[in-house]
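Peer 1: Quick one: structure below, then a few questions.
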Amino acid sequence: MIKNPRPTRAEAGDVANAILDGTDAVMLSGESAKGKYPLEAVSIMATICERTDRVMNSRLEFNNDNRKLRITEAVCRGAVETAEKLDAPLIVVATQGGKSARAVRKYFPDATILA
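Below, the structure written as structure tokens:
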């Protein structure tokens, strides 16, 4: 998107796949630093991220193993399960170093995480 206002199919697919793989952030470099359409590049990339994030399901069903969980992970998994059953729009996580928030994020809940 350095020379064109719209991404190629490959560029759009790369961004969407990064989100599907669990990436929490994506960035532009040449597109916004020296490209002809920096605002369009940022806007389109944000749109791709938002739309991909909307169609993702939580990952609780993929992590349905029988291993013994540590206390923090068990509580965070339970919070995500409960939030999904209640259709809660928000999960509030009290954390000092961010470990609990990352443990909640690991399950990709539909709810927003406030830490």
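Going by my numbering, 4 is the number at position 4 of the sequence shown; the sequence numbering is gapless.
No residue lacks a Cβ here, since even glycine has one placed at the ideal position from N, Cα and C.
Values in this document were obtained by computation on a predicted structure and should not be read as measured data.
Suppose contacts are defined by Cβ-Cβ distances below 8 Å. Is Ala12 in contact with Ile48 by that definition?
Peer 2: Here residue 12 corresponds to residue number 12 of the sequence shown, with the count starting at 1. Here residue 48 corresponds to residue number 48 of the sequence shown, with the count starting at 1. In this structure, Ile48 lies closer than 8 Å to Ala12 by Cβ.
Peer 1: On the CB-based measure, 16 or more other CB atoms within 10 Å of its CB, does Val92 come out buried or exposed?
Peer 2: Counted from its first residue, the sequence shown places residue 92 at position 92. Classification for Val92: exposed.
Peer 1: Can the beta-carbon of Thr52 be found less than 8 Å from the beta-carbon of Ile19?
Peer 2: Residue 52 sits at position 52 when you count from the first residue of the sequence shown. Residue 19 sits at position 19 when you count from the first residue of the sequence shown. In this structure, Ile19 lies closer than 8 Å to Thr52 by Cβ.
Peer 1: Would you call the CB atoms of Ala111 and Pro89 closer than 8 Å?
Peer 2: By 1-based counting over the sequence shown, the position of residue 111 is 111. By 1-based counting over the sequence shown, the position of residue 89 is 89. Going by C-beta atoms, Ala111 is nearer than 8 Å to Pro89.
Peer 1: Have a look at Leu69 and Gly78 and give me their C-alpha separation to the nearest angstrom.
Peer 2: Here residue 69 refers to the residue found at position 69 of the sequence shown. Here residue 78 refers to the residue found at position 78 of the sequence shown. Going by the C-alpha atoms only, they are around 11 Å apart.
Peer 1: Terminal residues of the continuous beta strand (DSSP E) containing Ile71?
Peer 2: Translated into the one-based positions of the sequence shown, residue 71 becomes position 71. No beta strand (DSSP E) holds Ile71; the alpha helix (DSSP H) holding it covers 71-86.
Peer 1: Nearest-angstrom Cα distance between Ala46 and Asn4?
Peer 2: For the purposes of this step, residue 46 is taken as the residue at position 46 of the sequence shown. For the purposes of this step, residue 4 is taken as the residue at position 4 of the sequence shown. The alpha-carbon atoms of Ala46 and Asn4 are separated by roughly 17 Å.
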